[in-house]
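So for the sequence shown, the working numbering puts the first residue at 7; every next one is plus one.
Where is the CB? At the ideal position from N, CA and C, for every residue including glycine.
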Amino acid sequence: MSLPKQELFDRIRRDSWQQQLSIRALSKKYGVHRRLVREALASPVPKPRKQPTRVSPRMEPYKKTVDEWLRAHLEAPRKQRHTAKRIGTRLEEEFGVTLPYTTVRDFVTARHRAIAAEGTPAEGFLPQHFPSSTHPGGGNGFAETISG
7 MSLPKQELFD RIRRDSWQQQ LSIRALSKKY GVHRRLVREA LASPVPKPRK
57 QPTRVSPRME PYKKTVDEWL RAHLEAPRKQ RHTAKRIGTR LEEEFGVTLP
107 YTTVRDFVTA RHRAIAAEGT PAEGFLPQHF PSSTHPGGGN GFAETISG
């Protein structure tokens, strides 16, 4: 039975309460481990999945250098900033190391977002809503003209 985890938790909790089924019986009924049944009975909300932290041993020695390049880009015009491909080429030229494009791209994307978040807040706008009587234009949709 392939159910979303939240729905599975709800069913396990309901069957435990209504039918008074044991942990082992619930485990057998839904085809899950008893540990999951215990988790469902302990909390109505499943724990979020753990995101593994991956390290890139090949990229590690060059992270500080690339980070400096990305920080220097903050002042450069948008069209003059390095792309992930250009950073990979520059690493090859300056350090003689060939790294996979995806490794460089993933690091550059993550660091670019982190550096941007450290800097100025993102620009946005707040819509202005005026009641029709307080709007500078009057509110009836017609302009008043004074001829004299």
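Neighbourhood of residue i by C-beta, 8 angstroms cutoff - its chain only, sequence neighbours within 5 removed
{"i": "Asp16", "result": "Pro50"}
{"i": "Phe113", "result": "Ser62, Met65, Lys69 and Val72"}
{"i": "Arg96", "result": "Trp75 and His88"}
Proximity of residue i and residue j at Cβ, strictly below 8 angstroms
{"i": "Leu14", "j": "Asp21", "result": "no"}
{"i": "Ala90", "j": "Arg111", "result": "yes"}
{"i": "Ile29", "j": "Arg77", "result": "no"}
{"i": "Leu42", "j": "Arg19", "result": "no"}
{"i": "Arg158", "j": "His79", "result": "Residue 158 lies beyond the stretch modelled for the chain, which goes from 7 to 154, so this question has no answer here."}
Continuous alpha helix (DSSP H) stretch holding residue i: start and end
{"i": "Ala82", "result": "Neither: Ala82 is in no alpha helix (DSSP H) and is coded neither H nor E."}
{"i": "Ser22", "result": "Lys11 to Gln24"}
{"i": "Ile152", "result": "Run containing Ile152: none; DSSP gives neither H nor E here."}
{"i": "His118", "result": "Tyr107 to Glu124"}
{"i": "Val43", "result": "Arg40 to Ala48"}
{"i": "Lys56", "result": "Element bounds for Lys56: n/a, residue is neither H nor E."}
{"i": "Arg96", "result": "Ala90 to Phe101"}
{"i": "Ser33", "result": "Ile29 to Tyr36"}
Residues of its chain near residue i, where Cβ-Cβ distance is below 6 angstroms and the 5 sequence neighbours each way are ignored
{"i": "Glu45", "result": "none"}
{"i": "Ser33", "result": "Arg40 and Val43"}
{"i": "Lys11", "result": "Pro52"}
Spatial neighbours of residue i in its chain, beta-carbon cut-off 7 angstroms, leaving aside the 5 residues before and after
{"i": "Thr104", "result": "Glu98"}
Cβ-heavy atom distance, residue i to the ligand SAH, below 7 angstroms
{"i": "Phe15", "result": "No copy of the ligand SAH appears in this structure; indeed no ligand is present at all."}
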